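Numbering (my numbering), first residue to last: 2 to 525.
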Amino acid sequence: MFRSGVLLVSCSLFGLLGFVGGCKLASPFSCGADTECVSQEGNGVCQPSTGFCSFADTSCPSGHRYGEHAGMGHARKCVPLEAGDAGAVDAMLGEDGRAADAFPADSAVSDGSVADRAVPDAPPDAAPPDAAPPDAAPPTPCGKTGLLADDFADGVRHPDWKEYARSAATVAETGGRLVVTIANGIAGPNYSGYTSELVYDLRGDHVRVEVPAVGNTATQAEVYLAVMAQNRDALVILESAGTLNFLYRVGADYSNVGSIAYNASDHRYWRIRESSGTAFWETSSDQVTWTIRASLATPFPVDQVRVDLAAGTYRPEANPGAAAFDNLNGGTPVGRYCSASSMKDDFDDGVIAPAWDRSYVGPGCVQRESGGVAVLVPGTTGRNYCAFQSAKAHDMRGDSTWVKVPRMVNTASQAQAFFQVVDPSGAIAAMVQVGGELQVKVGKDYSVIGRVPYDAGTMLWWRIRESGGTTFFETSPSGSSWTTRLSTPNPFDMSKVSLQLGSGAELPMGAAGEVNYDNLNLPP
């Protein structure tokens, strides 16, 4: 059995574990006032349009996401933006760029790119780095947790992280560390920290962090490192009340697989590791010699996980102090991202896969899988965007990503359909159909660097390809012979990008239609 404090952890620990104040909420849960929306996810808002609780989430355009106990299909969905709100979608697609009638003469366009230049389909200059001939040595693993690293020395949150701060708890990079100041004497739950923006593969890899301070060990404040699957199953190392606990959660079951008296010197470094189907919880005094504190057959899939560093309280604690984290994974990223073409989806199962869990939906915009395609229907009442967005980052260097577009939004309207790669800063390299034109947009300001009339027959397939420092934007009627519409020097580092399939509109309109996408990175 857990001691009382640890048992409460199982019912209150941070938003990723989905519990509230000692017991799990019934599902669905309707609210009548904001005061009823207090949970592990913080102090929420009772949305007047639905009667369900939402909680702060900066990954949503509106800044709020419904809790897991919202009904009517709203659970874990972003709360739609109100008409006219700018929100986070500004980082996705901006102006429709109808300033020029042809490719500008001073744009970085390869010779002859204004004309349609049919070329035979060919693989990139080199095979994708995570592909290998059948008889070749196994490829170097890609997309591992070693890619997430931070020494917190610059005092600025890196785009790899999302910050959350609940109530009086605060989080900041200061003095070369990530410091969480734990709420003093405030009713909980109050947890703050960093969670990774992207997902990573823990198989055969690890996450380690230096923990130079855990706050006041005389209190039941909690400090933790967590590795979390997309359904919020988790592996956790947690200090509370002078005890270091080694925990995991699967579904609604939360289990302690070991605990020891916490020693600041002996347990300065924490590590969660996976190897050949076994999960390990480990500590070290010097990051050289590691002691296994617990191990278990890996209790859930760990090929797509996020990392949390956080601290907080689930009840009022007097003078709980501050926790500090440093040198996550040694402070220097190790490894490479998997190639863009390795992400594949035929959209045949009617379920949006976890690989798309960074997708977003604006007000009035509809996103679903049905009829063997990805369907996006822009709203008609105001500014809105929605998109399938990859949960992992991918490497575009020497590689390509392509998709079939069997149905297009109304080309007589200003509804947009876009296929793009996005870097961590929000800069894009995009192919966009709007107003009967196929436009190419690049950068954080979404500059239109070229356009041609859109033709559904010859532009059934879209492809973005990188080769030798140049990005190519291409179309095909068949997926086997491609026409280069424009090429330009890479607008940003192409070694770490997200993939997006989207639609939307800047202004209210009627008859927007819908766009369908199919066979992402699959043969015709």
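The beta carbon of each residue, even a glycine, is placed where N, CA and C say it ideally should be.
A quick note: this is a predicted structure, and the numbers were derived from the prediction, not measured.
When we look at the beta-carbon of residue 146 and count the other beta-carbons within 10 Å, is it buried (16 or more) or exposed?
Counted from its first residue, the sequence shown places residue 146 at position 145. Residue 146 should be labelled buried.
Using only the alpha-carbon positions, how far apart do residue 466 and residue 193 sit?
For the purposes of this step, residue 466 is taken as residue 465 along the sequence shown, with counting starting at 1. For the purposes of this step, residue 193 is taken as residue 192 along the sequence shown, with counting starting at 1. Approximately 40 Å between the Cα atoms of the pair.
Beta carbon of residue 463 nearer than 8 Å to that of residue 404:
Within the sequence shown, the letter at position 462 stands for residue 463. Within the sequence shown, the letter at position 403 stands for residue 404. Between residue 463 and residue 404, the gap from beta carbon to beta carbon is short of 8 Å.
If we call anything under 8 Å between Cβ atoms a contact, is residue 514 one with residue 410?
As a first step, residue 514 must be located in the sequence shown, where it is residue number 513. As a first step, residue 410 must be located in the sequence shown, where it is residue number 409. Their beta carbons are under 8 Å apart, which means residue 514 touches residue 410 by this criterion.
Do you know how far the Cα of residue 189 is from the Cα of residue 260?
Within the sequence shown, residue 260 is the residue found at index 259, counting from 1. Within the sequence shown, residue 189 is the residue found at index 188, counting from 1. Answer to the nearest angstrom: the Cα atoms are 24 Å apart.
Classify residue 351 as buried or exposed, calling it buried when 16 or more other Cβ atoms lie within 10 Å of its own Cβ.
For the purposes of this step, residue 351 is taken as the residue at position 350 of the sequence shown. Label assigned to residue 351: exposed.
Per DSSP, what kind of secondary structure is residue 295 in: helix, strand or coil?
Position 294 of the sequence shown holds residue 295. In the structure shown, residue 295 sits in a strand (DSSP, three-state: E or B).
The beta strand (DSSP E) enclosing residue 186, as first and last residue numbers:
Residue numbering aside, residue 186 sits at position 185 when the sequence shown is read from its first letter. That residue, residue 186, is in no beta strand (DSSP E); it is neither H nor E in DSSP.
Tell me which residues share the same chain as residue 38 and place their Cβ nearer than 8 Å to its Cβ, disregarding the 5 neighbours each side in the sequence.
As a working note, residue 38 is residue 37 in the sequence shown. Only 32, 44, 45, 46, 47, 54, 55, 56 and 68 meet the Cβ criterion.
Coil, strand or helix - residue 199 by DSSP:
By 1-based counting over the sequence shown, the position of residue 199 is 198. It is coil, neither helix nor strand.
Which one of 141, 379 and 333 has the shortest CA to CA distance from residue 208?
The residue labelled residue 208 in the question sits at position 207 within the sequence shown. The shortest Cα separation from residue 208 among 141, 379 and 333 belongs to 333.
Report the option in 166, 245 and 435 whose CA atom is closest to the CA atom of residue 212.
By one-based count along the sequence shown, residue 212 stands at place 211. Nearest to residue 212 by C-alpha distance, out of 166, 245 and 435, is 245.
Nearest to residue 163 (by Cα), restricted to the options 149, 400, 176 and 369
Along the sequence shown, read from residue 1 onward, the residue named residue 163 stands at position 162. The option with the nearest alpha carbon to residue 163 is 149.
When 238, 313, 250 and 196 are compared against residue 282, the one with the closest alpha-carbon:
On the sequence shown, residue 282 is found 281 positions in, with the first residue counted as 1. Out of 238, 313, 250 and 196, 238 has the C-alpha closest to the C-alpha of residue 282.
For residue 206, which residues does DSSP report across the bridge?
For the purposes of this step, residue 206 is taken as the residue at position 205 of the sequence shown. Per DSSP, none; premise fails for residue 206.
Give the secondary structure of residue 471 by DSSP, where H, G and I count as helix, E and B as strand, and everything else as coil.
Counting from 1 along the sequence shown, the entry for residue 471 is found at position 470. In the structure shown, residue 471 sits in a strand (DSSP, three-state: E or B).
In its own chain, which residues sit with a C-beta less than 6 Å from the C-beta of residue 349, not counting the 5 before and 5 after it?
In the sequence shown, residue 349 corresponds to position 348, counting from 1. Annotation for residue 349: 373 place their beta carbon closer than 6 Å to its own, counting only its chain and skipping 5 residues before and after.
How would you label residue 518, buried or exposed, when you count the other beta carbons within 10 angstroms and need 16 or more for buried?
In the sequence shown, residue 518 corresponds to position 517, counting from 1. It is buried - the Cβ of residue 518 has at least 16 other Cβ atoms within 10 Å.
Reference residue 420, options 320, 430, 493 and 295, closest by Cα
On the sequence shown, position 419 is the one that residue 420 refers to. Of the listed residues, the one whose Cα sits closest to residue 420 is 430.
In this structure, what does DSSP give as the bridge partners for residue 164?
In the sequence shown, residue 164 corresponds to position 163, counting from 1. For residue 164, which the question treats as bridged, DSSP gives the partners 195.
Between residue 302 and residue 354, is the Cβ-Cβ spacing less than 8 Å?
Position 301 of the sequence shown, counted from the start, is the residue given in the question as residue 302. Position 353 of the sequence shown, counted from the start, is the residue given in the question as residue 354. Taking 8 Å as the cut-off, the beta carbon of residue 302 is found no closer than this to the beta carbon of residue 354.
Alpha carbon to alpha carbon, how far is residue 415 from residue 512? Give it in angstroms, no decimals.
For the purposes of this step, residue 512 is taken as the residue at position 511 of the sequence shown. For the purposes of this step, residue 415 is taken as the residue at position 414 of the sequence shown. So the two alpha carbons sit approximately 10 Å from each other.
Cβ-based burial, residue 241 [other Cβ within 10 Å; buried from 16]:
Counting from one through the sequence shown, the residue named residue 241 turns up at place 240. Its Cβ being crowded by 16 or more others within 10 Å, residue 241 is buried.
Hey, how far is the Cα of residue 343 from the Cα of residue 390?
Residue 343 sits at position 342 when you count from the first residue of the sequence shown. Residue 390 sits at position 389 when you count from the first residue of the sequence shown. C-alpha separation (whole angstroms): 15 Å.
Contact defined as beta carbons within less than 8 Å: I believe residue 185 pairs with residue 320. What is the distance between those atoms, to the nearest angstrom?
Within the sequence shown, numbered from 1, the residue matching residue 185 stands at position 184. Within the sequence shown, numbered from 1, the residue matching residue 320 stands at position 319. The beta carbons of residue 185 and residue 320 sit about 6 Å from each other, so the pair counts as a contact at 8 Å.
Got a sec, what are the start and stop residues for the beta strand (DSSP E) residue 171 sits in?
The residue you call residue 171 lines up with position 170 of the sequence shown. Segment 171-175, the beta strand (DSSP E) holding residue 171.
Return the chain-ordered ranges of every beta strand (DSSP E) run that is complete within the segment 446-506 and spans a minimum of 3 residues.
The segment 446-506 is shown to contain whole beta strand (DSSP E) runs of 3 or more residues at 448-454, 462-468, 471-477, 482-490 and 499-506, in chain order.
Report the CB separation of residue 527 from residue 502 in whole angstroms; it is logged as a contact under 8 Å.
Outside the displayed span of the chain (2 to 525) sits residue 527, for which this structure offers no information.
So what does DSSP say about residue 244, is it helix, strand or coil?
Looking up residue 244 in the sequence shown gives position 243. In this structure, residue 244 counts as strand in the three-state DSSP scheme.
Taking 7 Å as the cut-off, is the CB of residue 439 close to at least one heavy atom of the ligand ZN?
As presented, the structure is devoid of all ligands, the ligand ZN included, so that no description of it is given.
Please confirm if the segment 449-456 is in contact with the segment 470-487, defined as three or more CB-CB distances below 8 Å between the two stretches.
Using a C-beta cut-off of 8 Å, the segment 449-456 makes contact with the segment 470-487, since at least three inter-stretch Cβ pairs fall below that distance.
Return the chain-ordered list of same chain residues with a C-beta closer than 7 Å to the C-beta of residue 278, the five sequence neighbours on each side being excluded.
For the purposes of this step, residue 278 is identified with residue 277 of the sequence shown, where counting begins at 1. The beta carbon of residue 278 sits closer than 7 Å to those of 298 and 299, all from its chain and outside the five residues before and after it, given in chain order.
Could you give the distance in angstroms between the alpha-carbon of residue 456 and the alpha-carbon of residue 400?
Looking up residue 456 in the sequence shown gives position 455. Looking up residue 400 in the sequence shown gives position 399. Near 26 Å, if we compare the C-alpha coordinates of residue 400 and residue 456.
For a test of the three-state rule: what should DSSP assign to residue 343, helix, strand or coil?
One-based indexing of the sequence shown puts residue 343 at position 342. Helix.
With a threshold of 6 Å on Cβ separation, who are the neighbours of residue 477 within its own chain once the five nearest residues in sequence on each side are excluded?
As a first step, residue 477 is located in the sequence shown; it is residue number 476 there, counting from the start. Closer than 6 Å at the Cβ level, and outside the excluded window around residue 477, lie 462 and 483.
Per DSSP, which one or two residues make a beta bridge with residue 44?
For the purposes of this step, residue 44 is identified with residue 43 of the sequence shown, where counting begins at 1. Under DSSP, residue 44 takes part in a beta bridge, and its partners are 39.
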